[in-house]
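**Q**
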Amino acid sequence: MRAMRLPILLPALLVLASLTVAGAVYADPILSPGYRFSEQTGEALYTNVCQACHMANGKGAIGAGRYPSLAKNPKLETDAEAVYLILHGQGAMPAVGRLMTDEQVAAVVTYIRTHFGNDYREPVTAEQVKKAR
Amino acid sequence: MRSPRVTLFVMPPDEPTGTSRRELLKLIGLTAGSAAMYQAMTSLGYAAESGYKGPIKLEGDPKGASVLILGAGLAGMVAALELRQAGYKVKVLEFNNRAGGRNWSLRGGDSYTELGGATQKCEFDAGLYLNPGPWRIPYHHNGLLDYCKRLGVKLEPFQQLNHNAYLHSAKAFGGRPQRIREIKTDFQGQVSELLAKATQKGKLDELVSREDREVLLQALRWWGVLDKDYAYKAGPLTAEFRGYARDPGGGLGAEPVPGEVMGLSDILQSRLWRGLGSFAAYEFQTTMFQPVGGMGRIGEAFAREVGDLITYNAKVTKIAQGERSVTVTYEDTAHPGAIHEASADWCVCTIPLSILSQVEIQVGDPMLAAIAAVPYASSVKIGLQFKRRFWEEDEQIFGGISYTDLPIRQISYPSTDYNTTGKGILLGCYTWNGANSFELTAMTPQQRLSCALDAGAQIHPQYRREFETGISVAWHRSPFTLGCAGDWTDEARKQHYDNLCQIDGRIVLAGEHASYIPAWQEGAILSSLDAIGRLHKRVLQG
């Protein structure tokens, strides 16, 4: 893709102007007003946070190292590991859960466990997250 | 690179408020990570400066010993240059198809493909650039400055503080940006008046001796630009510091007009005073430098010295060691599937921990645990080319940085080509951790540009007419680092730092992640010099 020129940019500006107010549920980008994440649903959290590395399709990416694929990932059968990683980080993964409430962490883990070809329907609760902090 | 110090001073929206100095440090540590904590300590006088002791002297004959260096960033190339000079046989493996690592400038004609596959073609005009990584050099980063001198990298001043740049909050002063000189002078003046009143009313009698009280009043009057009644007021005196509504001129009708001063409550509630800290911190004090033509000139200069030692497109997949040697397996990414091996007596590994933690490496458990213990900070930089230098022509801003609480956090004006009629590049966004940094990373490059323009236009309405082209680098999408820089916590450093830096058999690690100056190039250089110094001693011991 080429870096954008102005004529393409103006419509995009208008669209994004309405998205800078956070909190609402969009599949589109959100910019939180504070230091912490303001997205509430699992989908909004995934799209605006996790997607940075694990990508829109959940398949991760490969460079000098790799971001693991979350798609059809049997490790997600147990929810504890995902909760732990989000709260505490590991290797390249930052502890993004520190900038989320227990409810937000629960929502995004539940989302990942029921999307990208994963079908683990038991929802993760905020209580579980609280204990793992 | 960033400077993580930025976190401290970018006016994060939820910044906690502390009272005591110790409490402040603790709060900074909690919210911004240990890098910010350390820099805060540095700025408050608790920590030491760069420990560079002059060019390293690796005396004694290594008797043909060989060293394999992994990574051709500054740490790797410092090691290559010094070890070859000391008589070692040196080879370097580098993942990218260029040297420099995070020391890097994007120029017109360059293209950059981030993880996820989006490719941006940089369309900047000739001579214009964005430094996606490090972009400024403190005067006390003696190691880096010395290598610039030795390698003939010409430096110019980097403007950190420009009194005429802005402090901005969407929630203060109706969203209108305020000149730094006005906030600084008015804040200092109003606080001085308050303190003078308290002193005169005897409220400080228990804290300040009678003799000091007199001097304190004099000092407050002098420091806060107070009048003879210790009041901070609009007028010719304060205008000499905060500037004028109409500057003094020549001839008829040229009488200067002082502007109104801001009230204490307005300044306090605006939170804009937080932006002033970025100029006070040790790491940002004048004089700062930048290489003429872009930070990447340093990596290029190193590559002129050691480029013949570097194998590019080498993706390291395994690092094994035995009693007598180290063997590294790597893939030639220009010919996918082509697997090679390289061996040497010793190995200096500068691969970022975000990647090294995924490579099979034969070292002891303590080093393995250390390698896995350091997450990488998030950072996003966006460069924007404009048709004209409106910040200079319309607003008299020549270099420096405006700080804002918008997601872009800051706008930096070029510290070069001042007062010319040509185009210019603004650093239109520089985030360091926090929600917005991740959110911007999760976007497409087009969406990032739109956000940068949308936010920037709130400070400079000229953005909309003058923008031409832009490019963004979100460091967690960087294929060669998977993040910006080692983001140590105090606990992790206490538990793992020494284990990370120890020589393990025939392998030693180096890089900004193995330093107390994370994310700065000086950290990479000092770490590398320390590592090869210890390695050389080990080699001489036989």
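Protein chains in written order, with numbering that gives the first Met the number 0: chain A, 0 to 132; chain B, 0 to 541.
Glycine included, every Cβ here is placed at the ideal spot set by N, Cα and C.
Which residue from B:A238, B:T198, B:G234, B:G50 puts its Cα closest to that of B:L219?
**A** Start at 1 with the first residue of the second sequence, and residue 219 of chain B comes out as number 220. The residue with the shortest Cα to Cα distance from B:L219 is B:T198.
**Q** Return the chain-ordered ranges of every alpha helix (DSSP H) run that is complete within the stretch 161–229 of chain B and spans a minimum of 4 residues.
**A** 179–199, 209–223
**Q** Check this for me: beta carbons of B:I396 and B:N163, under 9 Å apart or not?
**A** Stepping through the second sequence from its first residue, residue 396 of chain B is reached at position 397. Stepping through the second sequence from its first residue, residue 163 of chain B is reached at position 164. Yes. Within cutoff.
**Q** So B:I318 packs on B:V327, CB below 8 Å; how close in whole Å?
**A** Numbered from its first residue, the second sequence carries residue 318 of chain B at position 319. Numbered from its first residue, the second sequence carries residue 327 of chain B at position 328. Yes, they are in contact, since the Cβ atoms of B:I318 and B:V327 sit about 5 Å apart, within 8 Å.
**Q** Pick from B:T420, B:K148, B:G107, B:V91: whose alpha carbon is nearest that of B:Y128?
**A** For the purposes of this step, residue 128 of chain B is taken as the residue at position 129 of the second sequence. It is B:G107 whose Cα lies nearest to the Cα of B:Y128.
**Q** Which of the three DSSP states is assigned to B:V305 in this structure?
**A** Here residue 305 of chain B corresponds to residue number 306 of the second sequence, with the count starting at 1. The answer is helix: DSSP assigns B:V305 an H, G or I state.
**Q** Name the chain A residues that come within less than 8 Å of B:Q357, Cβ to Cβ?
**A** Sequence index remark: in the second sequence, residue 357 of chain B carries index 358 (1-based). Chain-ordered, the chain A residues with CB closer than 8 Å to the CB of B:Q357 read G64, R65, G90, A91.
**Q** Beta carbons nearer than 9 Å to chain B: which residues of the stretch 29–40 of chain A have them?
**A** Shown in chain order are the members of the stretch 29–40 of chain A whose Cβ falls below 9 Å from a Cβ of chain B: I29, L30, S31, P32, G33, Y34, R35, F36, S37, E38.
**Q** What is the DSSP secondary structure of B:K90, counted as helix, strand or coil?
**A** Within the second sequence, the letter at position 91 stands for residue 90 of chain B. In the structure shown, B:K90 falls within a strand segment according to DSSP collapsed to helix, strand and coil.
**Q** Starting from the beta carbon of A:Q127, find every residue of chain B whose beta carbon is closer than 7 Å, and list them in chain order.
**A** Counted from its first residue, the first sequence places residue 127 of chain A at position 128. For A:Q127, there are no neighbours in chain B by C-beta distance under 7 Å, as the nearest C-beta there is about 22 Å away.
**Q** Contact criterion: CB-CB distance below 9 Å. Does B:E155 meet it with respect to chain A?
**A** In the second sequence, residue 155 of chain B corresponds to position 156, counting from 1. Closer than 9 Å: no.
**Q** Can you look up B:A280 in the DSSP assignment and give me helix, strand or coil?
**A** Sequence index remark: in the second sequence, residue 280 of chain B carries index 281 (1-based). Reduced to three states, the DSSP call for B:A280 is coil.
**Q** Per DSSP, which one or two residues make a beta bridge with B:L127?
**A** The residue given as residue 127 of chain B occupies position 128 in the second sequence. Paired residue(s): none; B:L127 is not in a bridge.
**Q** Does the beta-carbon of A:K129 have 16 or more other beta-carbons within 10 angstroms, so that it is buried, or is it exposed?
**A** Counted from its first residue, the first sequence places residue 129 of chain A at position 130. A:K129 should be labelled exposed.
**Q** Per DSSP, which one or two residues make a beta bridge with B:Y329?
**A** Numbered from its first residue, the second sequence carries residue 329 of chain B at position 330. In DSSP, B:Y329 forms a bridge with B:V315, B:H339.
**Q** Of the choices B:K120, B:P54, B:V66, whose alpha-carbon is the least far from that of B:R537?
**A** As a first step, residue 537 of chain B is located in the second sequence; it is residue number 538 there, counting from the start. Residue B:V66 is the option with its Cα nearest to B:R537.
**Q** State yes or no: is the C-beta of B:T443 nearer than 8 Å to some heavy atom of the ligand FAD?
**A** Ligands are entirely absent from the displayed structure, and the ligand FAD is therefore not among its contents.
**Q** Please confirm if A:A81 has its CB atom under 9 Å from at least one CB of chain B.
**A** On the first sequence, position 82 is the one that residue 81 of chain A refers to. No, because no Cβ of chain B sits closer than 9 Å to the Cβ of A:A81.
**Q** For A:G22 and chain B, any beta-carbon pair shorter than 9 Å?
**A** Here residue 22 of chain A refers to the residue found at position 23 when the first sequence is read from its first residue. Confidence is the limiting factor: at A:G22 the pLDDT is only 37, short of 50, which leaves the residue's position unreliable, though a coordinate-based value still follows. So no, A:G22 is outside the interface.
**Q** Taking C-beta pairs closer than 7 Å, name the residues in chain B that A:Q50 reaches, listed in chain order.
**A** Working through the first sequence from its first residue, we reach residue 50 of chain A at position 51. Residues of chain B passing the Cβ test: A441.
**Q** Can you check whether the CB of A:I29 is closer than 9 Å to the CB of A:L75?
**A** Locating residue 75 of chain A in the first sequence gives position 76, where the first residue counts as 1. Locating residue 29 of chain A in the first sequence gives position 30, where the first residue counts as 1. The answer is no: Cβ separation not under 9 Å.
**Q** Starting from the Cα of B:T112, find the closest Cα among B:R476, B:H140, B:P460 and give me that residue.
**A** Locating residue 112 of chain B in the second sequence gives position 113, counting from the first residue. Here the closest residue by C-alpha is B:R476.
**Q** Over what stretch of residues does the beta strand (DSSP E) that includes B:I400 continue unbroken?
**A** Locating residue 400 of chain B in the second sequence gives position 401, counting from the first residue. Where B:I400 is concerned, the enclosing beta strand (DSSP E) stretches over 399–403.
**Q** Comparing alpha-carbon positions, which option in B:A523, B:V91, B:V472 lies nearest B:G116?
**A** Mapped onto the second sequence, residue 116 of chain B falls at position 117. Cα-wise, what sits closest to B:G116 is B:V472.
**Q** Show which residues of chain A have a CB atom less than 8 Å away from the CB atom of B:P460.
**A** As a position in the second sequence, residue 460 of chain B is number 461, starting the count at 1. Neighbours of B:P460 across chain A, judged by C-beta separation under 8 Å, do not exist; the nearest C-beta is about 13 Å away.
**Q** For B:L67, which of helix, strand or coil comes out of DSSP?
**A** Walking along the second sequence from the start, residue 67 of chain B turns up at place 68. Correct three-state label for B:L67: strand.
**Q** From B:H535 to B:S527, what does the alpha carbon distance come to, in whole angstroms?
**A** Here residue 535 of chain B refers to the residue found at position 536 of the second sequence. Here residue 527 of chain B refers to the residue found at position 528 of the second sequence. If I take the Cα positions, the gap works out to 12 Å.
**Q** Which residues in chain A sit within 7 Å of B:G63, going by Cβ to Cβ distance?
**A** The count along the second sequence starts at 1 and reaches residue 63 of chain B at position 64. Within chain A, no residue comes near B:G63; the closest Cβ sits about 31 Å away, beyond 7 Å.
**Q** Quick one: is B:R408 buried, meaning 16 or more other Cβ sit within 10 Å of its Cβ, or exposed?
**A** Mapped onto the second sequence, residue 408 of chain B falls at position 409. By the 10 Å Cβ count, B:R408 comes out buried.
**Q** Roughly how many angstroms lie between the CA atoms of B:D109 and B:R303, to the nearest whole one?
**A** Here residue 109 of chain B corresponds to residue number 110 of the second sequence, with the count starting at 1. Here residue 303 of chain B corresponds to residue number 304 of the second sequence, with the count starting at 1. Straight-line Cα distance between these residues: approximately 20 Å.
**Q** Does chain A have any CB closer than 9 Å to the CB of B:L480?
**A** Position 481 of the second sequence, counting from 1, holds the residue named residue 480 of chain B. Looking at the sequence itself, residue 480 of chain B is Thr, so the reference to Leu does not match. Cβ-Cβ to chain A under 9 Å: yes for B:T480.
**Q** Hey, does B:R97 have any beta-carbon neighbour from chain A nearer than 9 Å?
**A** On the second sequence, residue 97 of chain B is found 98 positions in, with the first residue counted as 1. It does not; no Cβ of chain A falls within 9 Å.
**Q** Under the three-state reduction of DSSP, which class applies to B:T112: helix, strand or coil?
**A** As a working note, residue 112 of chain B is residue 113 in the second sequence. The answer is strand: DSSP assigns B:T112 an E or B state.
**Q** Between the Cα of B:V89 and the Cα atoms of B:N102, B:A253, B:I68, which residue gives the shortest distance?
**A** Against the second sequence, residue 89 of chain B aligns to sequence position 90. That would be B:I68, whose Cα lies nearest to the Cα of B:V89.
**Q** Counting Cβ pairs, one atom from each stretch, are 3 or more of them under 8 Å apart for the stretch 274–282 of chain B and the stretch 75–83 of chain B?
**A** no
**Q** Counting only Cβ pairs nearer than 8 Å, list the residues of chain A close to B:D486.
**A** Counted from its first residue, the second sequence places residue 486 of chain B at position 487. In chain order: P93.
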